[in-house]
């Protein structure tokens with residue numbers, strides 16, 4: 001029994017260290033980012049704002065933004081995964097409301113991110129899909145972001 005437990009612990013340690021060596025867990029943590037909403041064809045910046053995504057162990061994430069007032073948009077909830085090396089993908093959804101607090105739909109943001117060699121900064125490019133309350137896609141957009149770890 002003790003031998004089997006030792007094998008499981010060793011295998012878990014090896015899998016964790018291999019994933020970390022390949023960059024698998026390096027996105028985990030809180031990040032301070034600047035997001036730029038861009039015109040998808042021209043690349044011209046439309047708006048820039050602060051954002052704070054948090055990537056949790058196990059592949060879930062949350063994000064909070066200064067780009068939209070809290071009464072008009074919930075924080076985002078989503079998922080992320082390691083692709084390879086320093087490359088990751090994440091996707092999150094937030095719900096939207098009008099100024100009378102009536103539900104108007106949701107947004108889904110899907111991004112690809114690349115960590116720098118230190119693992120303390122990343123850049124990403126994203127697509128934005130905007131849906132109305134009936135689930136009809138009513139708009140799309142593009143975004144880019146750059147961020148650094150939020151640490152003690």
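Numbering (my numbering), first residue to last: 1 to 152. Glycine residues also receive a C-beta, built at the ideal position from the N, C-alpha and C atoms. What you are looking at is a predicted structure, and each value in this text was computed from that prediction instead of being measured.
Roughly how many angstroms separate the alpha carbons of residue i and residue j, rounded to a whole number?
i, j, result
"residue 45", "residue 39", "6 Å"
"residue 147", "residue 127", "17 Å"
"residue 151", "residue 104", "35 Å"
"residue 73", "residue 28", "24 Å"
"residue 96", "residue 106", "5 Å"
"residue 69", "residue 87", "31 Å"
"residue 112", "residue 52", "16 Å"
DSSP on residue i, reduced to helix/strand/coil?
i, result
"residue 101", "coil"
"residue 39", "coil"
"residue 158", "Residue 158 is absent from the model: the chain starts at 1 and stops at 152."
"residue 66", "coil"
"residue 118", "coil"
"residue 141", "strand"
"residue 134", "coil"
"residue 150", "coil"
Using the rule of at least 16 other Cβ atoms within 10 Å of the residue's Cβ for burial, across every protein chain shown, is residue i buried or exposed?
i, result
"residue 136", "exposed"
"residue 42", "exposed"
"residue 102", "exposed"
Confirm the yes/no value for this check: CB of residue i, any heavy atom of the ligand ZN, distance under 6 Å.
i, result
"residue 66", "With respect to the ligand ZN, the structure shown offers nothing to examine, as it has no ligands at all."
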